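Please read the structure below before turning to the comments.
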Amino acid sequence: MGLSNTAGPPPGDLANGALDGEGSVPPENRTIPAGLASNNTEQDLIAGQNESGEAVKDAPASDLGEAAASSVSLPDPADTSDAAVLARAQAGDHHAFAQLYSVHKRRVYSLCLRMLGNVAEAEDLTQESFLQLHRKIATFRGDSAFSTWLHRLTINVVLMHLRRKGLNLISLDEALDPSPDHGPARSFGAPDLRLTGSIDRMTLEKAVESLPAGYRLIFVLHDIEGYEHNEIAALLDCSIGNSKSQLHKARMKLREALRAPADEEVAK
Amino acid sequence: MTEPEDFVQDNIDADCAEFQASMPERIGAGEDLQTDPHMLTCERCRSLIRDLEYIADAVRQLMPIEEEPREELWANIQLAIERGEA
């Protein structure tokens, strides 16, 4: 058991089923089989996109990308394979784009919801992410898994939104911690009460939602989405040490939030 | 000779402060803090690490579940595309 790698599969593996969008859609409702892509690493993704999630690297097409590139000119409407659906969507087929939405909507929406902690904003940015996808889908070249590419595009949409709202992602310590003086206390003084009982999902979701925006952002990216500190540092344009420090503060804050109900229980 | 209680408490707090200040970097580097000598003597820091690991486990188990957006969202997206907003 450890704290350094608390997440599931890293983003580079997100396309492999469980967290790929397909994984959460009941099999009977799936319109596209699982596994839109390969095991490309997040580094591939970072190198392959600009901030908007647009492919900028002229790397050789791989797996899906190759299939997509070769079939963009003549997408067969009867072919329901992932590559064919993507190729048709890239060629402007609205029905194919709807299929992509159906497969990936839960993943995109959940990511927005966790990063923002607000349903209305999450819906707005899910919409914005798919509109950006519609604008840019033709530029997807298969340098990375499609789901990974969409995941990064979504994160960039959210980050741009947060920047527009005035959250300075560069100066994390000052800007992301809205009240440094009232940040999570260190655990001195009287011995701490241990977290008691079990944490249910609703309680945990609420506690994560209650985190200040900056803490939540780092926590979601690292502990839920599986990004490494170097990747977060690159995304947010901060130091790796800063990312580690903010994550620790986020976890301490989360502990405080989760201890409150437990402490109330003890007081009763 | 026994040390005054306050002095002992101050030393414990100083040890805890040093240990806890080192946590972000050491955890971030993947170090197992359970083996740190301070953990053998300090219930407070043991409890802290235990809580953080417990939370990390809960996050691993509970958080990956995905939520469904409202049905209307697709209609909104379609409308925006038709309007040329995409």
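Residue numbers (the working numbering), protein chains in the order written: chain E, 216 to 483; chain Y, 1379 to 1464. For every residue, glycine included, the Cβ atom is placed at its ideal position computed from N, Cα and C. Please read these numbers as outputs of a predicted model, since none were measured by experiment.
**Message:** So that I know if they touch, is there some Cβ in chain E lying closer than 8 Å to that of Leu-1440 of chain Y?
**Reply:** As a first step, residue 1440 of chain Y is located in the second sequence; it is residue number 62 there, counting from the start. Closer than 8 Å to some Cβ of chain E, the Cβ of Leu-1440 of chain Y qualifies, so yes.
**Start-end ranges of the alpha helix (DSSP H) lying completely within the region 434-477 of chain E, minimum 4 residues** = Within the region 434-477 of chain E, the complete alpha helix (DSSP H) runs of at least 4 residues are 444-451.
**Message:** Using only the alpha-carbon positions, how far apart do Lys-459 of chain E and His-309 of chain E sit?
**Reply:** For the purposes of this step, residue 459 of chain E is taken as the residue at position 244 of the first sequence. For the purposes of this step, residue 309 of chain E is taken as the residue at position 94 of the first sequence. Between Lys-459 of chain E and His-309 of chain E, the alpha-carbon positions lie close to 43 Å from each other.
**Message:** Do Leu-419 of chain E and Leu-1436 of chain Y count as a contact pair if the criterion is CB distance below 8 Å?
**Reply:** The residue you call residue 1436 of chain Y lines up with position 58 of the second sequence. The residue you call residue 419 of chain E lines up with position 204 of the first sequence. The residue you asked about is not Leu; residue 1436 of chain Y is Ala in the sequence shown. Contact flag set, yes.
**Request:** Pull out every residue of the region 1444-1456 of chain Y whose Cβ sits closer than 7 Å to any Cβ of chain E, in chain order.
**Result:** Hits within the stretch, in order: Glu-1444, Glu-1445, Glu-1446, Pro-1447, Arg-1448, Leu-1451, Trp-1452, Asn-1454 and Ile-1455.
**Asked** Does Lys-320 of chain E get closer than 8 Å to chain Y when you measure Cβ to Cβ?
**Response** Against the first sequence, residue 320 of chain E aligns to sequence position 105. It does; some Cβ of chain Y falls within 8 Å.
**Prompt:** Is it true that the CB of Ser-325 of chain E sits closer than 8 Å to the CB of Glu-1340 of chain Y?
**Reply:** Lying before the first or after the last residue shown, residue 1340 of chain Y is absent from chain Y, which here runs from 1379 to 1464.
**Request:** Could you run through the region 311-345 of chain E and flag, in chain order, every residue whose CB is less than 7 Å away from some CB of chain Y?
**Result:** Correct list: Tyr-316, Lys-320, Arg-321, Arg-322, Tyr-324, Ser-325, Leu-328, Glu-338, Thr-341, Gln-342 and Phe-345.
**Message:** What residue range does the alpha helix (DSSP H) around Arg-367 of chain E cover?
**Reply:** In the first sequence, the residue the question calls residue 367 of chain E occupies position 152. 361-379 is the span of the alpha helix (DSSP H), which, as asked, contains Arg-367 of chain E.
**Prompt:** Just the Cα atoms here: how many angstroms apart are Met-1441 of chain Y and Arg-416 of chain E?
**Reply:** Within the second sequence, numbered from 1, the residue matching residue 1441 of chain Y stands at position 63. Within the first sequence, numbered from 1, the residue matching residue 416 of chain E stands at position 201. Taking the CA atoms as reference points, Met-1441 of chain Y sits about 7 Å from Arg-416 of chain E.
**For Ile-352 of chain E and Leu-1451 of chain Y, the rounded distance between their alpha carbons** = Mapped onto the second sequence, residue 1451 of chain Y falls at position 73. Mapped onto the first sequence, residue 352 of chain E falls at position 137. Between the C-alpha atoms of Leu-1451 of chain Y and Ile-352 of chain E there is a straight-line separation of about 19 Å.
**Item:** 8 Å Cβ cutoff, Asp-1429 of chain Y in contact with chain E
**Value:** Walking along the second sequence from the start, residue 1429 of chain Y turns up at place 51. Answer yes: the Cβ-Cβ gap between Asp-1429 of chain Y and chain E drops below 8 Å somewhere.
**Item:** Min CB distance Pro-1402 of chain Y to chain E below 8 Å
**Value:** Within the second sequence, numbered from 1, the residue matching residue 1402 of chain Y stands at position 24. Yes, Pro-1402 of chain Y lies at the interface with chain E (some Cβ there is under 8 Å from its Cβ).
**Request:** Classify Leu-1418 of chain Y as buried or exposed, calling it buried when 16 or more other Cβ atoms lie within 10 Å of its own Cβ.
**Result:** Mapped onto the second sequence, residue 1418 of chain Y falls at position 40. Around the CB of Leu-1418 of chain Y, fewer than 16 other CB atoms lie within 10 Å, so the residue is classed as exposed.
**Prompt:** Got a sec: is the Cβ-Cβ distance from Ile-439 of chain E to anything in chain Y below 8 Å?
**Reply:** Walking along the first sequence from the start, residue 439 of chain E turns up at place 224. Closer than 8 Å: yes.
**Message:** Distance check for Leu-328 of chain E and Leu-436 of chain E, CA to CA, integer angstroms please.
**Reply:** What you label residue 436 of chain E is simply residue 221 of the first sequence in a count that begins at 1. What you label residue 328 of chain E is simply residue 113 of the first sequence in a count that begins at 1. Computed Cα separation, rounded: 12 Å.
**Request:** Taking Glu-1463 of chain Y as the query, report the chain E residues whose CB atoms sit under 7 Å from its CB, ordered along the chain.
**Result:** The residue labelled residue 1463 of chain Y in the question sits at position 85 within the second sequence. What Glu-1463 of chain Y touches in chain E, judged by beta-carbon distance under 7 Å, is Leu-346, going in chain order.
**Asked** Cβ of Ile-1427 of chain Y within 8 Å of Cβ of Gln-1439 of chain Y?
**Response** As a position in the second sequence, residue 1427 of chain Y is number 49, starting the count at 1. As a position in the second sequence, residue 1439 of chain Y is number 61, starting the count at 1. The Cβ atoms of Ile-1427 of chain Y and Gln-1439 of chain Y do not sit closer than 8 Å to each other.
**Item:** Beta-carbon proximity list for Asp-407 of chain E, same chain, < 7 Å, skipping 5 on both sides
**Value:** Stepping through the first sequence from its first residue, residue 407 of chain E is reached at position 192. Because the pLDDT of Asp-407 of chain E is 45, which lies under 50, any placement of that residue in the model is unreliable, and the number read from its coordinates should be weighed accordingly. Hits under 7 Å: none found.
**Request:** List the residues of chain Y that Arg-303 of chain E touches, going by C-beta distances under 9 Å, in chain order.
**Result:** As a first step, residue 303 of chain E is located in the first sequence; it is residue number 88 there, counting from the start. Neighbours of Arg-303 of chain E on chain Y: none; closest Cβ ~15 Å, over 9 Å.
**Prompt:** Mind checking if Lys-380 of chain E is an interface residue toward chain Y, Cβ cutoff 8 Å exclusive?
**Reply:** Looking up residue 380 of chain E in the first sequence gives position 165. Chain Y, which has no Cβ nearer than 8 Å to the Cβ of Lys-380 of chain E, makes this no.
**Item:** Assigned secondary structure, Asn-539 of chain E (DSSP; H/G/I helix, E/B strand, else coil)
**Value:** Residue 539 of chain E lies beyond the stretch modelled for chain E, which goes from 216 to 483, so this question has no answer here.
**Asked** Within 10 angstroms of its Cβ, does Asp-452 of chain E collect 16 or more other Cβ (buried), or is it exposed?
**Response** Working through the first sequence from its first residue, we reach residue 452 of chain E at position 237. Taking all protein chains in view, the Cβ of Asp-452 of chain E is surrounded by fewer than 16 other Cβ atoms within 10 Å, so the residue is classified as exposed.
**Prompt:** My guess is that Ile-1405 of chain Y and His-463 of chain E are in contact by the Cβ rule of under 8 Å, so how many angstroms apart are they, rounded?
**Reply:** Here residue 1405 of chain Y corresponds to residue number 27 of the second sequence, with the count starting at 1. Here residue 463 of chain E corresponds to residue number 248 of the first sequence, with the count starting at 1. That belief holds up - the Cβ atoms of Ile-1405 of chain Y and His-463 of chain E are roughly 7 Å apart, short of 8 Å.
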